[in-house]
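Have a look at the structure below, then the notes.
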Amino acid sequence: MTNDDKRNNSHSRLNKGISPVLGTIIFVLVAVAVIGTISFIFLAQDNYNTAVKKTTELVGNKGKEQISVVQLEEAKLQIANEGPATSRIIGLVSADDSTGNLSLEPLNLALPSAQKLDYTIPGSTAGGGLGNGKMGLLTSLGNIFWADSNHCRTNPFQILQ
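Numbering (this note's numbering), first residue to last: 517 to 677.
Next comes the structure, spelled out in structure tokens:
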């Protein structure tokens with residue numbers, strides 16, 4: 517090897533150029549972008565799985581909810597939770613058979629499992645009793661449990677146990 521070859525060879529080692537540096541920077545940027553994208557995909561999948569799990573639990577709980585509603589007097593209901601968990605009653609639904617109108621009175625009652633509650637209907641909602649309509653309870657899970665009004669007409673003062 518001649519001195520010129522050695523000089524050219526050492527010169528090329530000192531001046532490797534900018535290509536390897538740019539290549540390394542681009543590789544690191546692509547790697548960070550790929551890692552970020554994969555992390556985002558896994559996070560989105562985890563959020564989706566959590567939402568599906570919660571929805572499945574709510575649908576299961578909705579099917580297990582069991583409330584019986586009996587009209588004791590013109591403006592008094594007896595509510596019994598026969599389900600395995602506490603039910604949250606969020607509204608009193610009135611349906612007028614003659615006009616087809618529905619009305620909703622907001623309520624906020626929590627009824628533990630195997631408990632009964634006597635509820636007096638406010639005068640504005642009762643309207644002198646059910647008349648030609650029905651009343652029901654709307655729960656936080658979306659169920660409506662309609663009152664058995666026949667009990668009031670046949671046995672107006674008997675309290676169920």
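Quick reminder that beta carbons are idealized off the backbone N, C-alpha and C, glycines included.
In this text the structure is predicted, and so the values were computed from the model without any measurement.
Beta-carbon contacts of residue i that lie in its chain and below 6 Å, excluding the five residues immediately before and after
i: I637; result: A591
Local Cβ density within 10 Å of residue i, reported as buried at 16 or more and exposed below that
i: N597; result: buried
i: V544; result: exposed
i: G579; result: exposed
i: G658; result: exposed
i: G599; result: buried
i: S614; result: exposed
i: S610; result: buried
i: A663; result: buried
i: L627; result: buried
i: V585; result: buried
Whole-number beta carbon distance between residue j and residue i, since they are thought to touch under 8 Å
i: L588; j: Q582; result: With a Cβ gap of about 19 Å, L588 and Q582 do not count as contacting.
i: G652; j: F661; result: 6 Å
i: L623; j: L608; result: 6 Å
Beta-carbon proximity check, residue i vs residue j, cutoff 9 Å
i: S656; j: R604; result: yes
i: L620; j: L633; result: no
i: L654; j: I606; result: yes
Same chain only: Cβ atoms within 8 Å of residue i, ignoring 5 sequence neighbours per side
i: T602; result: A626, L627, P628, S629
*Run through the region 593-660 for me and flag every whole alpha helix (DSSP H) of 4 or more residues, listed as ranges in chain order.*
Listed in chain order, they are 639-642.
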